[in-house]
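Per the working numbering, the very first residue in the sequence shown carries number 11; after that it's consecutive.
Cβ coordinates follow ideal geometry from the N, Cα and C atoms, glycine included.
Just so you know, these numbers come straight off a predicted model, no measurement behind them.
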Amino acid sequence: MADRLTIARPYARAAFGQASKDGTLAAWSEVLARAAIAVGDPRVRALFGSPKVTDEQLAGLIADVAGPGLDAKGRNFIRLLAENKRLPFLPEIAQIFDQLRAEAERVVDVSITSAAPMGEAEQQKLVAALERRFDRKVRVKADVDPSLIGGAVVRAGDLTIDGSVKARLEKLARQLTA
Numbered sequence: 011m012a013d014r015l016t017i018a019r020p021y022a023r024a025a026f027g028q029a030s031k032d033g034t035l036a037a038w039s040e041v042l043a044r045a046a047i048a049v050g051d052p053r054v055r056a057l058f059g060s061p062k063v064t065d066e067q068l069a070g071l072i073a074d075v076a077g078p079g080l081d082a083k084g085r086n087f088i089r090l091l092a093e094n095k096r097l098p099f100l101p102e103i104a105q106i107f108d109q110l111r112a113e114a115e116r117v118v119d120v121s122i123t124s125a126a127p128m129g130e131a132e133q134q135k136l137v138a139a140l141e142r143r144f145d146r147k148v149r150v151k152a153d154v155d156p157s158l159i160g161g162a163v164v165r166a167g168d169l170t171i172d173g174s175v176k177a178r179l180e181k182l183a184r185q186l187t188a
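Structure follows, in structure tokens:
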């Protein structure tokens with residue numbers, strides 16, 4: 011995976027630089043996401059390396075799937091990826107692009123898994139606390155996992171805050187059996 015990210019990084023940075031300059035970060039993010047999904051399709055993957063399909067045809071297919079938000083610069087970017095045999099790296103390029111965008115927009119994606127659905131006021135209070143802690147705007151993805159018994163688990167990048175009853179009980183069990 012590290013090699014794929016290493017190959018994808020310069021392309022993602024180039025796309026991010028162009029999108030930043032043009033003020034089209036959101037549009038490029040959507041287009042790259044759709045193109046990455048297309049590249050993940052087994053039928054499209056089967057076309058890579060096929061002598062019957064030219065780079066231009068592949069680029070056209072991916073550009074058409076990417077949708078109407080793809081401008082001339084975006085089409086050139088897709089064509090460049092096709093010519094350099096880098097279309098299979100579109101999922102990683104899209105991932106890195108979104109990381110660069112989140113950094114530039116000072117946004118952090120947070121996953122909150124709770125034992126029961128959180129109320130709106132409860133979630134807003136937690137989001138406000140996380141925004142203070144990270145000094146960034148927080149985008150939340152909330153899930154429910156009844157096996158947590160109570161509390162919640164918050165994940166943001168490499169950081170995990172486990173405030174679940176399940177984790178506390180497991181810790182207590184380890185201490186009692188040690």
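Where does residue i land, buried or exposed, given buried means 16+ other C-beta within 10 angstroms?
i: L97; result: buried
i: V154; result: exposed
i: L169; result: exposed
i: A76; result: buried
i: A18; result: buried
i: E102; result: buried
i: L140; result: buried
i: A188; result: exposed
i: L186; result: exposed
i: A138; result: exposed
i: A73; result: buried
Can you round the beta-carbon distance between residue i and residue j to whole angstroms, since I take them to be within the 8 angstroms contact cut?
i: A92; j: D65; result: 4 angstroms
i: S30; j: A114; result: 7 angstroms
i: A22; j: F107; result: 5 angstroms
i: L100; j: V49; result: 4 angstroms
i: G79; j: A37; result: 5 angstroms
Going by beta-carbon coordinates alone, are residue i and residue j separated by less than 9 angstroms?
i: I88; j: A69; result: yes
i: K181; j: I159; result: no
i: V118; j: R142; result: no
i: F26; j: L15; result: no
i: Q28; j: K83; result: yes
i: R178; j: I171; result: no
i: P156; j: A183; result: no
i: Q134; j: A152; result: no
### Task
Entirely within the stretch 70-133 and at least 4 residues each: give me those alpha helix (DSSP H) ranges in chain order.
82-93 and 100-114
### Query
Three or more beta-carbon pairs under 8 angstroms between the stretch 55-65 and the stretch 121-141, yes or no?
no
### Task
Starting from the N-terminal side, write out each stretch of the alpha helix (DSSP H) that is 4 residues or longer and does not extend beyond the stretch 22-51.
35-50
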